[in-house]
Structures are given as C-alpha cells and as structure tokens.
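Asker: Sharing a structure below in structure tokens format, with a few things to ask.
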Ligand SMILES: CC(C)(COP(=O)(O)OP(=O)(O)OC[C@H]1O[C@@H](n2cnc3c(N)ncnc32)[C@H](O)[C@@H]1OP(=O)(O)O)[C@@H](O)C(=O)NCCC(=O)NCCS
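Residue numbers (my numbering): 14 to 200.
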C-alpha cells in the first residue's frame, strides 16, 4: 500500500489531499481565481464548483495511488489552509522515467520564498520515492516569477516551443526546462 507523504519544511507541511479534503481546494481556487486565471487554461465555471472539485480531488487521489500523477499541497503549520500546490503529472516509467511539473501559490503568500520551499522538498520526494530521471517544467516567457523560481531550483532551459499550450484562451509559446535527478538509481 502506498504511503501518504507528510513532508515537514521550515514553514510548511506538504501532503496529498484525500477525497474528504476537497473543501481546502475549493477555497484556494475561489480565493485565487483572478490571480491564477492568466496562467491557466480557461475553464467553465462548474469546474471550480464544489461537485466538480470533489470529483477532481478523488481522481487526483486515485492517480496518486496508481503512481500516474502526484498532486501535492502545502499547508501552513496549523493545517488551516492551502498555501501553495504542485502536480507532477504524466508520469512515465521505463526508458523515459519522467514527468511534467505545474505549480501555483496563493496571491497573499507570493514573494516569501514559500513556493521554492515547497518545490525543493517535493522534488526531492518525487526523485527519491519514484526514482524519476527527469522533471520537465514549462513557462510563458513573460512569467518572470516562474523563470526565476525554476532557475533557483536548478532547472535548465532547453528551448522555446511555439504555440505550445492554450492558456487563458490563447495558444502561447513556452520556454521548456528540465531538471535531471542527480541520484537516480538504474534498475
Ligand atoms: C510562479 C509563482 C509560483 C512564483 O511564486 P513566488 O512566491 O514568487 O516564488 P518563490 O517561492 O521563489 O519566492 C520568491 C520571492 O520570495 C523572496 N524570498 C525568497 N526566500 C525568502 C524567504 N526565505 N523569506 C522571505 N522571502 C523570501 C524572494 O526575494 C522573491 O521575492 P521577489 O519576487 O519580490 O523578488 C507565483 O508567481 C504564482 O503562483 N504564479 C501564478 C501561477 C503560475 O504562474 N504558475 C506557474 C506556471 S508556469
């Protein structure tokens, strides 16, 4: 049986939402909708409603159990709210041993180094527990905060993909970056 992580950093507790925890995500997404919309695909309003969010949390938990996608959330130390979150999706094993990384932080907690703190712990967890070789993360060139963050985490720029993802209603170019696991074990 898979163990639910509880990673403790200086200011955060990083874990996985169980299906019963969906209300934390409803609040995070509702409080931060205008802050996050310009960096996300356009969604219909129902997507953020209680029912759909409940379904998404359930699906995320199932995918976590399957090892196909790892959605992590970082709580404050009293576990009262989500501060930031990240997802290691499209996990592929075998010769590729890789995944994609996406992340966001609540508007009020931006600029405090908390996203970095979460990702540093989460990347170590994913590299160690899943023995992945590569994590890929991509950003729109104007997303300077994302560029700085990935650079600090040791992601290397690999190119520019034209018209790569439909974000906020428009196909947008993305800078492609990756981080290679320095301690991956060949099995
Ligand atoms: C991208 C994003 C996650 C970056 O968040 P962030 O808070 O800027 O990232 P970091 O955790 O690296 O914090 C960096 C800032 O904290 C400061 N900082 C660093 N360590 C710190 C510490 N220990 N204590 C206090 N502040 C600290 C830095 O000086 C920097 O401040 P600055 O932005 O004023 O220069 C955030 O802007 C976001 O959620 N954007 C919307 C969603 C998004 O773009 N997702 C990614 C799509 S590719």
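In this text, a Cβ means the ideal position worked out from N, Cα and C, and glycines have one as well.
Can you find at least 3 beta carbon pairs, one from the stretch 92-101 and one from the stretch 115-135, that sit closer than 8 Å?
Answerer: Flag = yes, the stretch 92-101 and the stretch 115-135 touch.
Asker: With a Cβ-Cβ cutoff of 7 Å, do residue 189 and residue 151 count as a contact?
Answerer: Yes.
Asker: Using C-beta distances below 6 Å, list every residue in its chain close to residue 61, excluding the 5 sequence neighbours before and after it, in chain order.
Answerer: Within the same chain, residue 61 has close Cβ partners 42.
Asker: So the candidates are 46, 16, 50; which of them puts its Cα closest to the Cα of residue 181?
Answerer: When only C-alpha atoms are compared, the closest one is 50.
Asker: For residue 185, count neighbouring Cβ atoms within 10 angstroms of its own Cβ and tell me buried if that reaches 16, exposed if not.
Answerer: Result: buried.
Asker: Where does residue 117 land, buried or exposed, given buried means 16+ other C-beta within 10 angstroms?
Answerer: Flag for residue 117 reads buried.
Asker: Given a threshold of 16 other Cβ atoms within 10 Å of its Cβ, counted over all protein chains shown, does residue 163 qualify as buried or as exposed?
Answerer: Buried, by the Cβ-count rule.
Asker: First and last residue of the alpha helix (DSSP H) that includes residue 169?
Answerer: Taken as a continuous stretch (DSSP letters only), residue 169 belongs to no alpha helix (DSSP H), being part of the beta strand (DSSP E) at 169-180.
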